[in-house]
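Data block below; observations after.
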Amino acid sequence: MRNIVTPSSRLFRLINLSKPRRFLSAPARLQGDTLKQGLESLKEWKFVEEGDTSKISKTFEFENFKVQDAKIVNECILQEDASLYLLISGGMGFHELVALEAEEKCHHPEWFNVYNRVEVTLNTHDCVPPGVSAKDISLAKFMDKVSS
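In the working numbering, the protein residues as written are 201 to 348.
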């Protein structure tokens, strides 16, 4: 069986992970209308404020936890179909895709996984005080995209 996601694989190119992006300065915490617009662009994410810190969270549920049939996985890679990949690879496939994107963007989620359920919390620790930034909205949109 070949490695599913490598820099030369079709799935890797499909989710646009060819060049790492680094932020040179601390991102700004979103506030007011900018925060409202960012939250409205997300699907079913919850906004939470705890003291002077804010974050967003969502629970994703998949059909299963791990790859069920390697032949089908290879077929969906050949068809460049990330949603089919997630359907048959479940929570673990979601972890793999998000981990690659998070590493590229230097922004890592807090997540908790039980079988087919993945609970995700995002906030930017570089903000002062820590809160929701454009980095969180961007990663949340990516998660929504690959999970749908």
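Idealized CB from N, CA, C, for every residue including glycine.
Short of 6 Å in beta carbon distance, which residues of its chain neighbour E319, apart from the five on each side in sequence? Order them along the chain.
In the sequence shown, counting from the first residue as 1, residue 319 sits at position 119. Short of 6 Å from the beta carbon of E319, and not among the five residues preceding or following it, lie these beta carbons of its own chain, in chain order: T259 and F312.
What separation, rounded to the nearest whole angstrom, lies between the Cα atoms of H307 and S257?
Taking the sequence shown and counting its residues from 1, one reaches residue 307 at position 107. Taking the sequence shown and counting its residues from 1, one reaches residue 257 at position 57. Spanning the two alpha carbons is a distance of roughly 15 Å.
With E342 as the anchor, note down where its alpha helix (DSSP H) starts and where it stops.
Within the sequence shown, residue 342 is the residue found at index 142, counting from 1. Here residue 342 is Phe; the residue named in the question, Glu, does not match the sequence. First-last of the alpha helix (DSSP H) with F342: A334 to S347.
Exposed unless 16 or more other CB atoms sit within 10 angstroms - verdict on A226:
Your numbering for residue 226 matches position 26 in the sequence shown. A226 is exposed by the Cβ-count criterion.
With DSSP as the reference, please indicate the residues paired to E250 in a beta bridge.
For this step, residue 250 is matched to residue 50 along the sequence shown. Partner residues in the beta bridge of E250, as assigned by DSSP, are T253.
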